[in-house]
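Below is one structure, written out as structure tokens; comments come after it.
2 protein chains.
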Amino acid sequence: MTQELINFKDKFSKFSEHWSPRVIAEMNDYQFKLAKIQNEFVWHDHKDTDEVFIVIEGSMGIEFRDKTVLLNEGEMFVVPKGVEHKPFAQEECKVMFVEPRGVKNTGETSSELTAENDVWV
Amino acid sequence: MTQELINFKDKFSKFSEHWSPRVIAEMNDYQFKLAKIQNEFVWHDHKDTDEVFIVIEGSMGIEFRDKTVLLNEGEMFVVPKGVEHKPFAQEECKVMFVEPRGVKNTGETSSELTAENDVWV
């Protein structure tokens, strides 16, 4: 078995770009990704999948059309598929995403913030 | 949208049993579960799915037939499907599991440690 022990702090130390998720692990056909986020992302949704946000360090928010959810370290939120959302963070926030392999960060929306997919760290 | 903000500390405060995973969220057909573990679990595997361990607080180990992996807070490990393993913790450790809905904690092994499935907290 060649599985690697994954340390979040260590993985975060290896990249600095914002809104650029890095894959750290796969479970079946799902991926665990880390991202550093700051300022506002774009409105988008994911038509075919829910998306999990877990805050590892810092604070962030997710704006929805009908409300805003604020997340601190040790908190998670599941964005249901098809629901438009716009993540944001005033200061840099370290986040883990869980979603199926192949999901683009901007979903159905094309943007200069659309990141290359399947980049591992 | 009725999704709930999930706080790990809050969820952990609501149960005390060891080796008794509680579901805190679903993403598509996957579940996120929290468990408090202490002492030794049983040898088991999951024939059809990988299993993710994320340590939220404390330290634990996973014994495999060929090695032992030690995990501290902020670390994760993916146990591949079909690989026999035996989790353990000297002191109480708080863990998050991610796995498909319906997975039993003892996998193919029947044990007094087999927990009721799909219990939410």
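Chain order of the listed sequences is A and B. The first sequence begins at 315 in the working numbering and counts up one residue at a time. The second sequence begins at 315 in the working numbering and counts up one residue at a time. Ideal Cβ positions, reconstructed from N, Cα and C, are used throughout, including at glycine.
Straight-line Cα distance separating residue j from residue i
{"i": "W333(B)", "j": "T420(B)", "result": "10 Å"}
{"i": "L385(A)", "j": "S424(A)", "result": "26 Å"}
{"i": "P414(B)", "j": "R415(A)", "result": "15 Å"}
{"i": "A283(A)", "j": "R336(A)", "result": "No answer is possible for residue 283(A): it lies beyond the span of chain A, which begins at 315 and ends at 435."}
{"i": "E318(B)", "j": "V392(A)", "result": "8 Å"}
{"i": "F402(B)", "j": "K323(B)", "result": "21 Å"}
{"i": "Y344(B)", "j": "D432(B)", "result": "11 Å"}
{"i": "V409(B)", "j": "R379(B)", "result": "22 Å"}
{"i": "G388(B)", "j": "V369(B)", "result": "6 Å"}
{"i": "V435(A)", "j": "E405(A)", "result": "23 Å"}
{"i": "F355(B)", "j": "K400(B)", "result": "6 Å"}
{"i": "C407(A)", "j": "N342(A)", "result": "27 Å"}
{"i": "F326(A)", "j": "K395(B)", "result": "27 Å"}
{"i": "F346(B)", "j": "E426(A)", "result": "32 Å"}
{"i": "F329(A)", "j": "W357(B)", "result": "38 Å"}
{"i": "M315(B)", "j": "E377(A)", "result": "12 Å"}
{"i": "D359(B)", "j": "G372(B)", "result": "24 Å"}
{"i": "V417(B)", "j": "G375(B)", "result": "21 Å"}
Secondary structure of residue i, DSSP reduced to three states
{"i": "D346(B)", "result": "In the sequence on display, residue 346(B) carries Phe and not Asp. It is a strand residue."}
{"i": "F355(B)", "result": "coil"}
{"i": "K408(A)", "result": "strand"}
{"i": "F367(A)", "result": "strand"}
Checklist line | Segments of 3+ residues assigned as beta strand (DSSP E) that fall wholly inside the segment 375-405 of chain B | finding: 382-386, 389-393
Notebook entry, point to check: Taking Cβ-Cβ distances below 7 Å as the criterion, which residues of the segment 384-403 of chain A are in contact with chain B?
Noted result: L385, G388, E389, M390, F391, V392, P394, V397
Item checked: Residues within the segment 316-332 of chain B neighbouring chain A, beta-carbon criterion of under 7 Å -> Q317, L319, I320, N321, F322, K323
Next item on the list: Output, in sequence order along the chain, the residues in the segment 338-360 of chain A whose CB is closer than 9 Å to any CB in chain B.
Entry: I338, A339, E340, M341, N342, Y344, F346
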